[in-house]
Amino acid sequence: MSVPPWLQQRLNAAGGSVPFRTYMDWALHDPDHGAYGAGRLRIGRAGDFVTAPALGPEFAALLAPQLAQWLQQLEATRPLALVETGPGEGELAGQLAQALVTGWPQLAARTELVLVEPNAGMAARQRQRLQHCPLPVRWSSFEQLAAAPVAGVVVAHEVLDALAVERIVSDGAAWRQQRVTLHQGTLRLEPGAPLEPEAAARLQPLGLAAPGAQRPAGWCSELHPGLEPWLAACGAALGRGRLLVIDYALEAWRYYAPSRSEGTLMAYREQRASADPLLEPGAWDLTAHLCIDSLVAAAVASGWQLLGQRRQGEALLALGLAQRLHGLQHARGCDLPGKGSGRVDLADALARREALLRLVDPTALGDFRWLAFQRGEGESEGPAPSLFLQDPAPTAEVAGAEAS
Ligand SMILES: C[S@@+](CC[C@H](N)C(=O)[O-])C[C@H]1O[C@@H](n2cnc3c(N)ncnc32)[C@H](O)[C@@H]1O
Numbered sequence: 003m004s005v006p007p008w009l010q011q012r013l014n015a016a017g018g019s020v021p022f023r024t025y026m027d028w029a030l031h032d033p034d035h036g037a038y039g040a041g042r043l044r045i046g047r048a049g050d051f052v053t054a055p056a057l058g059p060e061f062a063a064l065l066a067p068q069l070a071q072w073l074q075q076l077e078a079t080r081p082l083a084l085v086e087t088g089p090g091e092g093e094l095a096g097q098l099a100q101a102l103v104t105g106w107p108q109l110a111a112r113t114e115l116v117l118v119e120p121n122a123g124m125a126a127r128q129r130q131r132l133q134h135c136p137l138p139v140r141w142s143s144f145e146q147l148a149a150a151p152v153a154g155v156v157v158a159h160e161v162l163d164a165l166a167v168e169r170i171v172s173d174g175a176a177w178r179q180q181r182v183t184l185h186q187g188t189l190r191l192e193p194g195a196p197l198e199p200e201a202a203a204r205l206q207p208l209g210l211a212a213p214g215a216q217r218p219a220g221w222c223s224e225l226h227p228g229l230e231p232w233l234a235a236c237g238a239a240l241g242r243g244r245l246l247v248i249d250y251a252l253e254a255w256r257y258y259a260p261s262r263s264e265g266t267l268m269a270y271r272e273q274r275a276s277a278d279p280l281l282e283p284g285a286w287d288l289t290a291h292l293c294i295d296s297l298v299a300a301a302v303a304s305g306w307q308l309l310g311q312r313r314q315g316e317a318l319l320a321l322g323l324a325q326r327l328h329g330l331q332h333a334r335g336c337d338l339p340g341k342g343s344g345r346v347d348l349a350d351a352l353a354r355r356e357a358l359l360r361l362v363d364p365t366a367l368g369d370f371r372w373l374a375f376q377r378g379e380g381e382s383e384g385p386a387p388s389l390f391l392q393d394p395a396p397t398a399e400v401a402g403a404e405a406s
């Protein structure tokens with residue numbers, strides 16, 4: 003596969019080789035050539051890959067009561083902000099804005115939508131999607147927000163998996179940093195110098211003190227050095243409130259299991275998946291799972307308090323997914339939860355049912371993790387309970403409109 007001229011120039015200027023993290027950052031976020039930076043990637047059934055909001059409004063409808071609860075708990079502080087980082091096509095932001103305005107009009111009247119999107123190419127499409135957004139909407143950065151921190155809720159849905167990762171590779175005795183090297187006009191992944199003792203020591207809490215016999219030469223995985231600066235910047239932007247991270251994530255013992263010898267890095271384009279991160283740089287999405295232990299440690303080090311975590315399937319059941327499915331099964335032209343009072347045709351009901359089932363499929367989206375963090379609240383009093391961390395309500399009622 004030929005190397006695009008822009009990347010050849012970069013690599014030549016860097017002496018022919020860069021750490022994998024630098025390569026991933028360029029391939030995704032370079033403003034002119036990166037897959038997100040240039041706005042090349044499309045999210046949706048007709049695009050490069052599908053995320054939960056691209057399946058329809060069900061995901062946002064189930065998430066909205068949780069966000070409304072958290073915003074209501076902050077009500078004494080106003081105005082409020084619903085911040086979405088990495089909004090992609092702007093679909094989730096638009097759906098959440100609509101759900102808030104419909105279900106919690108008084109709360110919505112005090113809430114603005116803030117989008118944090120560093121890639122201009124993506125922000126351009128978000129502006130288009132949100133032209134008629136029912137909430138006031140603005141685009142900002144964590145750095146700009148830090149000048150006047152907001153109170154509210156930050157949603158990070160499938161964004162932290164787009165932060166560039168470091169890759170480490172075993173040489174049988176020590177850990178080496180993986181590099182991307184230009185070799186006779188092609189790209190190669192090659193082991194670089196052994197990690198400095200200080201860097202190697204940081205792997206100990208992940209169960210990676212030394213490669214050992216179980217992780218022979220060639221065994222590789224990812225580290226997430228971008229998490230802590232991101233969480234610190236997010237924390238500085240949010241004076242008071244909560245952060246909900248929803249992403250592919252594994253506990254350290256599963257992430258770094260000897261059997262996972264290639265890590266979790268994947269490339270996506272036009273609904274195809276590949277384990278080769280060097281394919282057509284700047285045209286494919288590159289994504290790595292999060293390590294839950296690393297995420298929580300980075301969050302705590304940045305002043306966040308962990309409220310709890312759940313698998314997506316469990317979180318959505320706690321938020322009323324079963325009741326919505328039940329409502330659809332019994333919808334014979336009658337009301338559907340969250341859809342107002344209109345007659346529903348069969349095709350629509352089937353599409354919504356399929357979307358709900360995909361959201362909880364334990365082999366796919368249902369295995370996503372939801373992790374909630376808070377900052378700036380009365381920690382001594384203990385956190386207020388959160389809907390998605392509770393067991394599903396036994397009644398057939400779906401969390402509904404704001405009590406007024
Ligand atoms: C996989 S898409 C997720 C889109 C959306 N949240 C969804 O679920 O459909 C990743 C998004 O994160 C953005 N992004 C990448 N790095 C980011 C960062 N450091 N901060 C905020 N957004 C980022 C990308 O440009 C893109 O919009």
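Taking this note's numbering, the leading residue of the sequence shown gets 3, the next gets one more, and so forth. Glycine included, each C-beta is placed from N, C-alpha and C at the ideal position. This one's a predicted model, so the numbers in the text were calculated from it and none came from an experiment.
Residues near residue i by beta carbon distance below 6 angstroms, same chain, minus five either side
i    : result
G340 : Unreliable placement is indicated for G340, whose pLDDT of 48 sits below 50; the coordinate value is still reported in the next sentence. Excluding positions up to five away in sequence, the list reads A63.
V161 : T87 and G88
R262 : none
L280 : L189
V103 : A110 and P136
Proximity test, residue i beta-carbon vs ligand 1 heavy atom, cut-off 7 angstroms
i    : result
W232 : yes
E91  : yes
Y38  : yes
T410 : The structure shown has nothing for residue 410, since the chain only spans 3 to 406.
D226 : Here residue 226 turns out to be His, not Asp, going by the sequence shown. H226: no, Cβ never under 7 angstroms from ligand 1.
G88  : yes
L165 : yes
M268 : no
H35  : no
T188 : no
L94  : yes
N121 : yes
H159 : yes
P55  : yes
V118 : yes
H409 : Residue 409 lies beyond the stretch modelled for the chain, which goes from 3 to 406, so this question has no answer here.
I45  : yes
Simplified DSSP state of residue i, which is helix, strand or coil
i    : result
L225 : strand
G342 : Residue confidence for G342 is low, a pLDDT of 46 falling below 50, so the modelled location carries little weight and cannot support an answer.
L137 : coil
Q311 : strand
L367 : helix
Y270 : strand
H332 : coil
Q71  : helix
R355 : helix
V362 : helix
V247 : strand
L102 : helix
E253 : coil
A62  : helix
H185 : strand
T24  : helix
Sequence-distant residues of the same chain with beta carbon closer than 8 angstroms to residue i, five excluded per side
i    : result
A251 : H291, L292, C293, I294, L297, F370, R371 and L373
R12  : V20 and W28
R256 : R262
L389 : P67, Q68, Q71, A320, L321 and A401
A398 : No answer about A398 holds up, because its pLDDT of 43 lies below 50 and its placement is not dependable.
Neighbourhood of residue i by C-beta distance below 7 angstroms, restricted to the same chain and skipping five residues each side
i    : result
Y258 : L208, G209, L210 and S223
V5   : L184, G187, T188 and L189
E230 : A300, A303 and S304
L76  : L82, A153, G154, R242 and G243
A126 : G41
Q100 : P136
Any chain C beta carbon closer than 8 angstroms to residue i
i   : result
Q11 : Absent here is chain C; the protein component of the structure consists of one chain.
Inter-residue CB distance, residue i and residue j (contact presumed, cutoff 8 angstroms)
i    : j    : result
R407 : P136 : Because residue 407 is not part of the residues shown, which for the chain are 3 to 406, the question remains open.
A166 : R23  : 5 angstroms
L147 : A95  : Actually they are not in contact, since the Cβ atoms of L147 and A95 sit about 16 angstroms apart, beyond 8 angstroms.
Check whether the segment 50-69 and the segment 350-365 are in contact - that is, three or more C-beta pairs closer than 8 angstroms.
yes
Taking contact to mean at least 3 C-beta pairs separated by less than 8 angstroms, is the segment 203-212 in contact with the segment 108-120?
no
Within 8 angstroms, do at least three Cβ pairs link the segment 42-53 to the segment 192-208?
no
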